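S.K.: Structure provided below as structure tokens; questions to follow.
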Amino acid sequence: MSTYVYGITAASHPALPEGMGGVGDPARPVRVLRQGELAAVVSDAPEGLRPKRRELLAHQNVLSEIGAAGCVLPMRFGSVAPDDDSVTGVLDERAEHYLERLQALDDRVEYNVKANHVEEAVLHHVMAGNPEIRALAEANRQSGGGGYEDKIRLGEMVAAAVKAKESEDGTALENALEGAADAVSVGPESTGWLANVSYLVKREAAEEFLAAVEQVRKDMPHLDVRLNGPLPPYSFVEPGPAEPAGTSAGGAETGTR
């Protein structure tokens, strides 16, 4: 039977709660595979696993339980290896990398920050900061709305100014928060957000980071800032060398944003 992998820890990590269940219906019992100084938290992989809400929550709950007791290198939902031996083989092969990551991420959590513009507020900013746009808008207003070409020109100018403001605000948000974090991982641009950034934060510095997020909300009220965390440090595992051998259900891999 194939093996579902939740995360990787040190072999000395505290034991899991007895009877803990993971993905599947019924939930598959969670167990630990040890290899040298490392361990993988796994269960049997159910057939036909899909990223439904129940399964996603089960995966996250296992990682939360592990992370509460010590550092874990989390795997994305759906990480599946052919069997237990494949998992322990990767632990042996990648031991140096995993041990380095466990040390680097010890006592740290991830916070993900996403942001978008509040439409009316950003349009006010754009109008207030661009005399040419204000002048054309006023001219159109006085002429009863303006001609077709003037309307098109105004729309293009506003769209370009908003796009520039997105880039400016995304950089400003990242810069405002990076000082309260140990590391930063910027998500892909094609996410529908002007900013999608993950921050690696020491647990003891979490209040400082959360205060920095609140300050950003006060300083940039034209942004809708959304915070998710604390999370296991998905974005800082370095998925290339850390990914287990085998297949992944639902296109999953190490790390997430």
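If you count the sequence shown from 1, position 225 lands on 1454 in our numbering, and the numbers rise without skipping. Think of the CB as a built atom: it goes at the ideal place given N, C-alpha and C, for glycine as much as any other residue. Small disclaimer: the values here were computed from a predicted structure and weren't measured.
#1: Determine, using beta carbons only, whether Pro1461 and Glu1339 come nearer to each other than 9 Å.
#2: Is it buried or exposed for His1346, if we count other Cβ within 10 angstroms and need 16 for buried?
#3: Taking contact to mean 3 or more Cβ pairs, one atom from each stretch, closer than 8 Å, check whether the region 1297–1316 and the region 1354–1364 are in contact.
#4: Since Ala1409 and Glu1443 are thought to touch, with beta carbons under 8 Å apart, how far apart are those beta carbons, to the nearest angstrom?
#5: Mind checking who Gln1332 pairs with in its DSSP beta bridge?
#6: What would DSSP say about Ser1308, mapped onto helix, strand or coil?
#7: Can you name the start and end residues of the beta strand (DSSP E) that Lys1447 belongs to?
#8: Excluding the five sequence neighbours on either side, which residues of its own chain have a C-beta within less than 8 Å of the C-beta of Ile1362, listed in chain order?
#9: Could you give the first and the last residue of the continuous alpha helix (DSSP H) run that contains Val1291?
#10: Within 10 angstroms of the Cβ of Asn1425, are there 16 or more other Cβ atoms? Answer buried if so, exposed if not.
#11: Enumerate in chain order the residues of its own chain whose CB-to-CB distance from Thr1238 is below 6 Å, with the five nearest sequence positions on each side excluded.
#12: Can you name the start and end residues of the beta strand (DSSP E) that Val1454 belongs to?
#13: Taking the CB atoms as reference points, tell me whether Phe1465 and Ala1298 lie closer together than 9 Å.
#14: Buried or exposed, going by whether 16 or more other CB atoms sit within 10 Å of the CB of Tyr1428?
#15: Does the Cβ-Cβ distance between Val1454 and Val1342 come in under 9 Å?
#16: Look at Tyr1233 and Pro1275 and say whether their C-beta atoms are less than 9 Å apart.
#17: So Val1319 packs on Tyr1235, CB below 8 Å; how close in whole Å?
#18: Give me whichever residues DSSP pairs with Ala1344 in a beta bridge.
#19: So Ala1240 and Arg1260 are in contact, right, with Cβ under 8 Å, and what is the actual spacing, rounded?
#20: Apply the 10 Å Cβ neighbour rule to Pro1246 and answer buried if 16 or more other Cβ atoms are within range, or exposed otherwise.
#21: When DSSP labels each residue in this structure, what does Leu1542 get in the three-state scheme?
#22: Taking Arg1446 as the reference, give the member of Val1430, Leu1406, Leu1278 with the closest Cα.
#23: With distance defined between alpha-carbon atoms, name the residue in Lys1394, Arg1283, Gly1296 nearest to Asp1254.
#24: Going by DSSP, what residue range makes up the alpha helix (DSSP H) through Ser1315?
#25: Is the beta carbon of Ala1350 less than 9 Å from the beta carbon of Pro1450?
#26: Counting only the same chain and skipping the five closest in sequence on each side, list residues whose C-beta sits under 6 Å from that of Pro1459.
M.R.: Let me lay it out:
#1: yes
#2: buried
#3: no
#4: Not quite, the Cβ-Cβ distance comes to about 11 Å (not below 8 Å), so this is no contact.
#5: None; Gln1332 has no bridge partner.
#6: strand
#7: Counting along the chain, Lys1447 falls outside any beta strand (DSSP E), though it belongs to the alpha helix (DSSP H) covering 1435–1448.
#8: Val1355, Met1356, Leu1383, Met1386, Val1387, Ala1390
#9: 1282–1298
#10: buried
#11: Ala1268, Val1301
#12: 1452–1460
#13: no
#14: buried
#15: yes
#16: yes
#17: Not quite, the Cβ-Cβ distance comes to about 14 Å (not below 8 Å), so this is no contact.
#18: Ala1424, Val1454
#19: Going by Cβ atoms, the distance from Ala1240 to Arg1260 rounds to 14 Å, so no, they are not a contact pair.
#20: exposed
#21: Since the first residue shown for the chain is 1230 and the last is 1486, residue 1542 is missing from the structure and cannot be characterised.
#22: Leu1406
#23: Arg1283
#24: 1313–1322
#25: yes
#26: Val1338
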